[in-house]
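Residue numbers (our numbering), protein chains in the order written: chain R, 7 to 160; chain X, 177 to 261.
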C-alpha cells in the first residue's frame, strides 16, 4: 500500500492497521525518516517537499511491487509526505511485515534506498534567519546505496 | 505532435512555469534532442537547461534516459535528481 499525503502519520496506528488480525506475520520492521534541524553551524527553519502528483504514486507502487517480488512479504506500506515540514517532523514511513525478520529488514532497506533515488520528490530547505530557500542536492551515497541491490543481477 | 511539458524544483523555477502544452518540432527525436531544443526557447529556458547532464526526464510518468525516443509521448517532465525520503 502506498500513500502520498500532506498530513502527518501515526506509526502505531499504521502498523496496527496493516497487521491487525493477521497471524501469519512474525516480523514487522518500520523505518521513519524525519526532518533534521541541520549539521554543523547551519540550522534549518523549514523544509518544503515538492512532488510530481501522479508519477509519485506510480513510482512508489512500482518500488513496492519490486520489493514484494524480491521478498516474501505478508504486508507493506509506504507513506511519504509533501508540503512544508519543520525540524523533527515525519517525512516518510516504510513498514514491512513478513514471517521472518530477514525479509522484513532487507525489504525495508531496499524500499528506502530505491525510493530515495527514484521517487519524484525534491527538498527545498530554508535556513534559520534566511528567507531564500535552497534546493537540496542529490547525494552520490544514495545512488551507491540503491545500486548495490542490482549488483548481483545477471 | 502536441505534448504536455512539466517542470519541477529548480527546473520549474528557472523556466518560470510549472507546465505548458506545446507542439514539438519534427527534428526532435530523442530526449537529448528535446533538452537541446528546450535550451533555445529563450533566456529562462537557456538557464534551466544549460547543464543537460543534471536534467532528469520522465515520459508518461516513467523515468527515461536521454537516448529515449519522444515519439508518442503525452506528458514529458523535466527535473533535477530526486531528493525525497
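Even for Gly, the Cβ is constructed at its ideal location relative to N, Cα and C. Computed from a predicted model, the values in this text were never measured in an experiment.
Tell me, please, which residues DSSP counts as bridged to residue i.
| i | result |
| --- | --- |
| residue 10 of chain R | R:86 |
| residue 53 of chain R | R:91 and R:131 |
| residue 198 of chain X | X:179 |
| residue 245 of chain X | X:206 |
Quick one: give me the first and last residue of the beta strand (DSSP E) that residue i is part of.
| i | result |
| --- | --- |
| residue 140 of chain R | 139-141 |
| residue 34 of chain R | 33-40 |
| residue 181 of chain X | 178-183 |
| residue 235 of chain X | 232-235 |
| residue 103 of chain R | 96-104 |
Starting from residue i, follow the alpha helix (DSSP H) in both directions and report where the run begins and ends.
| i | result |
| --- | --- |
| residue 251 of chain X | Per DSSP, residue 251 of chain X belongs to no alpha helix (DSSP H); it is in the beta strand (DSSP E), 251-255. |
| residue 62 of chain R | 61-76 |
| residue 19 of chain R | 17-25 |
| residue 222 of chain X | 219-224 |
Kindly indicate if chain R contains any beta-carbon less than 9 Å away from that of residue i.
| i | result |
| --- | --- |
| residue 179 of chain X | no |
| residue 182 of chain X | yes |
| residue 249 of chain X | no |
| residue 258 of chain X | yes |
Taking Cβ positions only, does residue i come closer than 9 Å to chain X?
| i | result |
| --- | --- |
| residue 48 of chain R | no |
| residue 39 of chain R | yes |
| residue 60 of chain R | yes |
| residue 17 of chain R | no |
| residue 123 of chain R | yes |
For the ligand NAP, is there any heavy atom lying closer than 8 Å to the beta carbon of residue i?
| i | result |
| --- | --- |
| residue 90 of chain R | This structure does not include the ligand NAP; it has no bound ligands of any sort. |
Take the Cβ of residue i as the centre, count every other Cβ of all protein chains shown within 10 Å, and call the residue buried at 16 or more, exposed below.
| i | result |
| --- | --- |
| residue 256 of chain X | buried |
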